Amino acid sequence: MIVCPNCEMEIDDDSLYCDQCGQKLLFCGSCGRVGTGKRCIYCGGLMSDNSDKGVEDRQSPDLVLSNVQQGIRITMSNGDIIGRRVGEHKHLFENNRFVSGQHAQFIYSSADGWGVVDKNSSNGTMVNGIKLLPEKLQTLKDGDTLMIANLSLKVNIQ
313 MIVCPNCEME IDDDSLYCDQ CGQKLLFCGS CGRVGTGKRC IYCGGLMSDN
363 SDKGVEDRQS PDLVLSNVQQ GIRITMSNGD IIGRRVGEHK HLFENNRFVS
413 GQHAQFIYSS ADGWGVVDKN SSNGTMVNGI KLLPEKLQTL KDGDTLMIAN
463 LSLKVNIQ
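In the numbering used here, the protein residues as written are 313 to 470.
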């Protein structure tokens, strides 16, 4: 168990957000401890919200987002962002003026599986027709329909 630096409640070790207060958790890239700020108060290492990215990616099932009509097929990695200006896949969205610069982030946890977080986008993110609240993790299931602004993507978890 780890202790949330915001509400001081105990939560599962593999959490990316506190399940009590919703706070995004930051992890030290050097010692792995949870904390706040840019640097770890224990060892001085840089804090990050995806310090276990490599471990989680190897253990996670593939998340593939596709739109056959648009010729889009993307395999996501833990922490990946979809946006016009940010993220590994920005070349696919840079000409879509409805997609925000940093639109949505994809997170994997061994406890909950794949999820998506709307990053305060202008035109919203929806899962199966339900609009997501900004900065709140929404779990994804195989076969879900994900809307990034005006772009529909089919969720395939393999």
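We put the CB at the ideal spot given by N, CA and C, even for glycine. As the structure is a prediction and not an experimental result, all values here were calculated from the model.
Tell me which same chain residues have a C-beta within less than 8 Å of the C-beta of residue i, skipping the five on either side of it?
i: Asp331; result: Ile323, Asp324
i: Arg397; result: Glu406, Gly413, Gln414
i: Gln335; result: Cys316, Pro317, Asn318, Cys319, Tyr329
i: Ser327; result: Ile314, Leu337, Ser421, Ala423
Using a Cβ-Cβ cutoff of less than 6 Å, which residues in the same chain neighbour residue i once the five nearest sequence positions on both sides are dropped?
i: Asp364; result: For Asp364, the predicted model reports a pLDDT of 46, less than 50, meaning its position is unreliable; a value from the coordinates is still stated below. The answer is none, since no qualifying residue turns up.
i: Asn432; result: Pro446
i: Asn462; result: Phe410
i: Ile386; result: Leu377, His401
i: Lys443; result: Gly436
i: Ser434; result: Ser412
Less than 7 Å between C-beta atoms, sequence neighbours within five positions excluded: which residues of the same chain meet that for residue i?
i: Gly395; result: Lys402, Phe405, Val411, Ser412, Gly413, Gln414, His415
i: Gln470; result: Pro373, Asp374, Val376
i: Gly347; result: Pro317, Leu338, Cys340, Ile353, Met359
i: Val380; result: none
i: Asp456; result: Val439, Asn440, Val467
Can you look up residue i in the DSSP assignment and give me helix, strand or coil?
i: Asp364; result: For Asp364, the predicted model reports a pLDDT of 46, less than 50, meaning its position is unreliable; a value from the coordinates is still stated below. Of the three classes helix, strand and coil, the one that applies to Asp364 here is coil, per DSSP.
i: Lys402; result: helix
i: Asn435; result: coil
i: Val411; result: coil
i: Met313; result: coil
i: Pro373; result: coil
i: Val380; result: coil
i: Ala416; result: strand
i: Arg397; result: coil
i: Asp392; result: coil
Please report how far the alpha carbon of residue i lies from the alpha carbon of residue j, in whole angstroms.
i: Arg345; j: Val439; result: 33 Å
i: Lys350; j: Gly341; result: 11 Å
i: Gly436; j: Val429; result: 10 Å
i: Cys333; j: Lys448; result: 11 Å
i: Gln417; j: Leu338; result: 15 Å
i: Ile393; j: Met359; result: 18 Å
i: Cys355; j: Gly441; result: 45 Å
i: Gly383; j: Leu465; result: 11 Å
i: Gln450; j: Gly357; result: 30 Å
i: Asp454; j: Met321; result: 32 Å
So, is residue i buried or exposed, given that buried needs 16 or more other C-beta atoms within 10 angstroms?
i: Val467; result: buried
i: Met313; result: exposed
- Task: At 3 residues or longer, and completely inside the stretch 317-348: list those beta strand (DSSP E) runs for me, N to C.
- Result: Inside the stretch 317-348, DSSP marks whole beta strand (DSSP E) runs of 3 or more residues at positions 338-340, from first to last along the chain.
- Query: What beta strand (DSSP E) runs, 3 residues minimum, are completely inside the stretch 436-462?
  - Reply: Taking only runs of at least 3 residues, the beta strand (DSSP E) segments lying wholly in the stretch 436-462 are 437-439, 449-451, 457-460.
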